[in-house]
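Okay, so here's the structure we're looking at.
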Amino acid sequence: MTRSLPFLMLASLGLAIWSGTYLIAELWVNPARHLIQIMSNPDLARGADTIDDLWPRATASLLSARLLVPGNAEYHLWDGWLHQRQAERSPPWSNAAKGALQSAENAYGEALHQRPSWGLPWINRAQVRVRQGFTDEVTMADLQRAVHFDPHNPHIVKQAMRLGFALWHGMDRDERVGFLHLLQKNVSLMPYDTIDLARRQGLLDQIRPFYAADPKFRQLWEKKLGPGR
2 MTRSLPFLML ASLGLAIWSG TYLIAELWVN PARHLIQIMS NPDLARGADT IDDLWPRATA
62 SLLSARLLVP GNAEYHLWDG WLHQRQAERS PPWSNAAKGA LQSAENAYGE ALHQRPSWGL
122 PWINRAQVRV RQGFTDEVTM ADLQRAVHFD PHNPHIVKQA MRLGFALWHG MDRDERVGFL
182 HLLQKNVSLM PYDTIDLARR QGLLDQIRPF YAADPKFRQL WEKKLGPGR
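Just so you know, our numbering puts 51 at position 50 of the sequence shown, and the rest follows in order with no gaps.
Right, dumping it as structure tokens:
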């Protein structure tokens, strides 16, 4: 028992140091979380100067947290979110938007390096790749992995449904079958938006059977598109 005391003391000291390091890192992440809330809420984001003022501190603090705890995938996810929101408030295809999207993609990639079975960074990276114009097999693979690793997360499934329509014309036969199966299983998550997205891509014929099979959805279909469509 006496011999084990030094080991227990060292273990306790190591745990205390790790806990303290993690708490400090969490404090450093808070400015980034706060800024993302402001950027995501239209009512809070009206003052662009406020966002610009908060940006340097948020990014610097988040970098400190990532350096202090480099293996924390969540911190890289926050970094990706921060730059993705920054891209959304920049003019489309501007250098600012392109740079922010590339930074977001890199951050999500680092999060996936730490936690490859986490669905959220996969779907977020697919989003920013589509925003950059990459509707290729890499983006499709990101979407598929997101759903594979987190099939019961409504946010991920809905984003996969939205992105799938954007990727449809580049899919092969098996990918299209898989995407239609995803729609069939989850059309209840966003029945109105699914019709709008399909109409935009000329895919109403592909989704019509999903609505015809359920009286409630069939009524919704006819309300949006008219009887006999």
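We put the beta carbon where it would ideally sit given N, CA and C, even for glycine.
For residue i, the three-state DSSP class (helix, strand or coil)
i	result
residue 214	coil
residue 85	helix
residue 136	coil
residue 125	helix
residue 44	coil
residue 65	helix
residue 79	helix
residue 110	helix
residue 53	helix
residue 118	coil
residue 165	helix
residue 172	coil
residue 72	coil
residue 90	coil
residue 143	helix
residue 100	helix
residue 179	helix
residue 31	helix
residue 223	helix
Distance between beta carbons of residue j and residue i, contact taken as under 8 Å
i	j	result
residue 207	residue 213	In fact, because the Cβ distance is near 12 Å, the residues do not count as touching under 8 Å.
residue 32	residue 62	5 Å
residue 101	residue 87	4 Å
residue 184	residue 162	6 Å
residue 70	residue 22	7 Å
Of the listed residues the options, nearest to residue i (C-alpha basis)
i	options	result
residue 53	215, 166 and 83	83
residue 26	65, 58 and 55	65
residue 197	123, 183, 222 and 173	222
residue 28	39, 57, 56 and 76	76
residue 122	149, 38 and 42	149
Please specify which runs of the alpha helix (DSSP H), each continuous and at least 4 residues long, are wholly inside the segment 182-211, giving them in chain order. 192-202
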